[in-house]
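So the structure is just underneath, and the comments pick up after that.
There are 2 protein chains.
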Amino acid sequence: MENEVRVGLIGLGVIGGQVAKVLQEKAGELSLQAGISIKLHKIKVLTSDLEKPLVKQFPPDLFTTNDEDFFNDESIRIVIELIGGERPAYDYISAALKAGKHVVTANKEVIAKHGLELRSLAHEHGASLYYEASVGGGIPIIAPLEKDLRANYIKSIHAIINGTTNYILTRMSKDGIDFDRALANAKQLGYAEANPKNDIEGIDAAYKIAIMATLAFQTEVRPDGVYHEGISKLDSRDFRYAGELGYEIKLLAIAKQYDNTVEARVHPAFIRRDSVLAGINGVFNAVSIEGDLVGQVVFIGQGAGPLATSSAVISDVLRCSRDYVLGTNTSAIKISTSKTVQPITNVNTRYYMRLSILDSTGVLAAIARVLGAHKISIASVIQKETDTLSQTAEIVIMTHPATGRAIDAAIKELSMLDLVKEINNVIRVEEQ
Amino acid sequence: MENEVRVGLIGLGVIGGQVAKVLQEKAGELSLQAGISIKLHKIKVLTSDLEKPLVKQFPPDLFTTNDEDFFNDESIRIVIELIGGERPAYDYISAALKAGKHVVTANKEVIAKHGLELRSLAHEHGASLYYEASVGGGIPIIAPLEKDLRANYIKSIHAIINGTTNYILTRMSKDGIDFDRALANAKQLGYAEANPKNDIEGIDAAYKIAIMATLAFQTEVRPDGVYHEGISKLDSRDFRYAGELGYEIKLLAIAKQYDNTVEARVHPAFIRRDSVLAGINGVFNAVSIEGDLVGQVVFIGQGAGPLATSSAVISDVLRCSRDYVLGTNTSAIKISTSKTVQPITNVNTRYYMRLSILDSTGVLAAIARVLGAHKISIASVIQKETDTLSQTAEIVIMTHPATGRAIDAAIKELSMLDLVKEINNVIRVEEQ
Chain E
248 MENEVRVGLI GLGVIGGQVA KVLQEKAGEL SLQAGISIKL HKIKVLTSDL
298 EKPLVKQFPP DLFTTNDEDF FNDESIRIVI ELIGGERPAY DYISAALKAG
348 KHVVTANKEV IAKHGLELRS LAHEHGASLY YEASVGGGIP IIAPLEKDLR
398 ANYIKSIHAI INGTTNYILT RMSKDGIDFD RALANAKQLG YAEANPKNDI
448 EGIDAAYKIA IMATLAFQTE VRPDGVYHEG ISKLDSRDFR YAGELGYEIK
498 LLAIAKQYDN TVEARVHPAF IRRDSVLAGI NGVFNAVSIE GDLVGQVVFI
548 GQGAGPLATS SAVISDVLRC SRDYVLGTNT SAIKISTSKT VQPITNVNTR
598 YYMRLSILDS TGVLAAIARV LGAHKISIAS VIQKETDTLS QTAEIVIMTH
648 PATGRAIDAA IKELSMLDLV KEINNVIRVE EQ
Chain P
248 MENEVRVGLI GLGVIGGQVA KVLQEKAGEL SLQAGISIKL HKIKVLTSDL
298 EKPLVKQFPP DLFTTNDEDF FNDESIRIVI ELIGGERPAY DYISAALKAG
348 KHVVTANKEV IAKHGLELRS LAHEHGASLY YEASVGGGIP IIAPLEKDLR
398 ANYIKSIHAI INGTTNYILT RMSKDGIDFD RALANAKQLG YAEANPKNDI
448 EGIDAAYKIA IMATLAFQTE VRPDGVYHEG ISKLDSRDFR YAGELGYEIK
498 LLAIAKQYDN TVEARVHPAF IRRDSVLAGI NGVFNAVSIE GDLVGQVVFI
548 GQGAGPLATS SAVISDVLRC SRDYVLGTNT SAIKISTSKT VQPITNVNTR
598 YYMRLSILDS TGVLAAIARV LGAHKISIAS VIQKETDTLS QTAEIVIMTH
648 PATGRAIDAA IKELSMLDLV KEINNVIRVE EQ
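Protein chains in written order, with the numbering used here: chain E, 248 to 679; chain P, 248 to 679.
This is the structure in structure tokens:
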């Protein structure tokens, strides 16, 4: 008993099932690594889970559907939470930490919303809380921010951190298909959920960048303070023009700090085609971090999927086992400063604008006047297509840096001009 | 005193000087991170170092040229070794660990040659030994292999891990210049040392892959067991043909495990132009790791330079401070299996061969006969250039996989054929 650490797993979904399998199959090797026998002792499941074929691979008394049966089992020293969603996951994690158990979770929503509180709770009760799998699946991101790059002042993070949207954007870019078809495709392949809102609207990415920014900047960046804008408005024309201009369009999660302020935002962005992130395709994820000492480092890998995620979860179980053996625990996050998160209206970037205008003289001058009045200067204008029948033309404007506030105001004014038929799209340009 | 951990630094070269500066400039922030005041207490230097302008930035009593003065100072709890080379660095590190001091080093040669022994020594004396900076400068590589990817069976590592050679190869590939000019350029820019042998011949990369393979495969991979072949024989023609065939040429450090054997080798290799590593240019480094759970993960960044290296060194100092506060230390490496390192003659890869042959009928048939006799099958042959005056032609052969032994024997036989004027180059093709 002294030579064994018992693990309790909550959840037997796609990730939970994979983790259970690996814990079983690799038990010997993992125990050798940990210097202590790691034993999967109990799995808390829903009644419906018991019908799954996977269940037959385990002894029946491993499973329980009863909360008390699981949480009152004092022999469990490590709890793995893999049910996802805010509740009851948050309650389960809190309860485990309060009981002094080490916790491993892949739950980005809980960590983004309650991470600081839970880490303090862990510290207070001599427990550890690890959540490497909450960002970037199996790619090491949390530990590098916490430990390996700790000596740095982190200036910025640019991340492609949602596989569903990156798959869709890759299809739109490479195959020229439109959003709806790419989404349908992603669903067919299991890359998008039946209700893909959290992915498509950038909410999932907002959770992840909130977690990363909090660690990187040592200030609380709450997910509701992260501006997020989805990819559903992107049109195949935007991809075509991006390509002509030397850019790719990616859903970027961005965090920056300078002076005493912080930016944290998720939105589609033009990025230069020769940048590392522009080459990250399909369901791959990539996180580019810039530190004052290290310069730019980039981490690339599969950001989702049960196998890749189990890599992070089980490596974290090994960390817990070590903490158990040594009697140590994770520390609370050091909040060294309290930095203000900039509202998106203050954020300064270049912009791409695609407009349908009347094909007549003086239109460009009128547009330039409006932009100029809002101190937005034009870097280039390209007249893309003219429809002689309707006498409209499509133009693409690339601006110099301007604030979100200035752009919003200018767009509002432009849309009231008779000469402007439609504001087709407005997308930020991100130089890394 | 209780609330302070004293650091002793050995070496005030380019890296040592930078580390001293950062420790001084960031003292407040680092101490806040560590939860204990981190104080640079003593710097052991050579007498000649005392002439450096940097010295004036520190109080004079910080410096000592006396070994005993440094090693007998019991108040030093963390020793940073940054002199490089095997001796006396190895002796210094041993002495510090035996005295129970935590050690941080960037010394790839010492760690490659003595890492296992030094980690055991550390463990035995309750000390920690960290060496993140020994591989890939500031890019996290050691910690991911030790911790973040620990749940994986690591199948392979493919790494561009020497900035000097990657700079030279990038210039040769992009600008079509020859090796000597690219090397001269690298020297001018400070990317290559006056005597660049360790870099050019792949010895530096061999140390680094030995360190990574030992951690990844949990078996001792000694640097003298790592085959290494340098880049000086590469010709601008090889780059031209590689480009035409859809490849780049990179100096790769490769480690693989399968069944119960291990491969570890450093040599120039053809890699597909669309692979991530093919896009790593200039002094950047990249390490691609394939695990059974995580799939492929890639770490990219500046693999050298004082600032990037100081990121790893000082992050390791923070780890030591934590170990000091908690009273913990690094564990000895778990050697779970003893795997045999394959001699290069057993290693199976595809090959690129460039030959000058007599431009007459029957030559190709003769070459194919020799290769066939050694069970080497040809994937493609391209006749590249014909010199009508000397009646010679250059041909490029791409083979299917063959062992080093078979290729060596076939090359020997080919070189004796009258029809073959010269074996210009033979380069492995590495599919990742």
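No residue lacks a Cβ here, since even glycine has one placed at the ideal position from N, Cα and C.
None of these values were measured; they are calculated from a predicted model.
Short Cβ contact (9 angstroms threshold) for residue i with residue j
| i | j | result |
| --- | --- | --- |
| ALA452 (chain P) | ILE408 (chain P) | yes |
| GLY255 (chain E) | ILE330 (chain E) | no |
| ILE388 (chain P) | GLU537 (chain P) | no |
| TYR454 (chain P) | SER381 (chain P) | yes |
| SER568 (chain P) | ALA281 (chain P) | yes |
| GLY449 (chain P) | VAL509 (chain P) | no |
| VAL357 (chain P) | VAL473 (chain P) | no |
| LYS360 (chain E) | ARG469 (chain E) | yes |
| ASP482 (chain P) | ASN354 (chain P) | no |
| ILE456 (chain P) | ILE501 (chain P) | yes |
| VAL541 (chain E) | ALA626 (chain P) | no |
| VAL534 (chain P) | ALA406 (chain P) | yes |
| ALA613 (chain E) | GLY410 (chain E) | no |
| TYR488 (chain P) | ARG601 (chain P) | yes |
Chain E contact residues for residue i, given Cβ-Cβ distances below 8 angstroms
| i | result |
| --- | --- |
| LEU396 (chain P) | GLY385, PRO387, SER558, SER562 |
Per-residue DSSP class, three states only, for residue i
| i | result |
| --- | --- |
| ASN595 (chain P) | strand |
| LYS434 (chain E) | helix |
| THR417 (chain E) | helix |
| MET663 (chain E) | helix |
| GLU448 (chain P) | coil |
| THR466 (chain E) | coil |
| TYR400 (chain E) | coil |
| GLY538 (chain P) | strand |
| GLU251 (chain P) | strand |
| GLY574 (chain P) | coil |
| ILE458 (chain P) | helix |
| ALA439 (chain P) | coil |
| VAL560 (chain E) | helix |
| ILE478 (chain E) | coil |
Within chain E, partners of residue i - CB distance below 9 angstroms
| i | result |
| --- | --- |
| VAL513 (chain P) | Residues of chain E passing the Cβ test: none, with the nearest at roughly 23 angstroms. |
| GLN549 (chain P) | VAL541, GLY542, GLN543, VAL544 |
Under 7 angstroms by beta carbon: chain P residues contacting residue i
| i | result |
| --- | --- |
| THR575 (chain E) | LEU573, THR575 |
| ASN445 (chain E) | The contacting residues do not exist; ASN445 (chain E) stays about 23 angstroms from chain P at best. |
| ALA555 (chain E) | LEU540, VAL541, GLY542 |
| GLU379 (chain E) | ASP395 |
| ASP399 (chain E) | The displayed chain sequence assigns Asn, not Asp, to residue 399 (chain E). The contacting residues are SER558. |
| ALA390 (chain E) | ALA390, LYS394, ASP395 |
Status (buried if at least 16 other CB within 10 Å, exposed otherwise) for residue i
| i | result |
| --- | --- |
| MET663 (chain E) | exposed |
| LEU661 (chain P) | buried |
| THR646 (chain E) | buried |
| ARG418 (chain P) | buried |
| TYR377 (chain E) | buried |
| LYS581 (chain E) | exposed |
| GLU669 (chain E) | exposed |
| ASP563 (chain P) | buried |
| ILE527 (chain P) | buried |
| LEU365 (chain P) | buried |
| TYR571 (chain E) | buried |
| VAL261 (chain P) | exposed |
| ASN399 (chain P) | buried |
| TYR414 (chain E) | buried |
| ARG566 (chain E) | buried |
Contact list for residue i against chain P, beta-carbon separation under 9 angstroms
| i | result |
| --- | --- |
| ALA267 (chain E) | What ALA267 (chain E) touches in chain P: nothing, since even the nearest Cβ is about 13 angstroms away. |
Contacts of residue i in chain P (Cβ-Cβ under 8 angstroms)
| i | result |
| --- | --- |
| GLY526 (chain E) | VAL523, GLY526 |
| LEU565 (chain E) | LYS394, ARG397, ALA398 |
- What are the uninterrupted segments assigned as alpha helix (DSSP H) that are 4 or more residues long and contained completely in the region 317-398 of chain E, given in chain order? 336-345, 355-371
- Query: Which ranges would you report for the beta strand (DSSP E) in the region 263-324 of chain E if only whole runs of at least 3 residues count?
  - Reply: 284-291
- Message: If we require 3 or more residues per run, which beta strand (DSSP E) segments fall completely within the region 506-539 of chain P?
- Response: 508-519, 531-538
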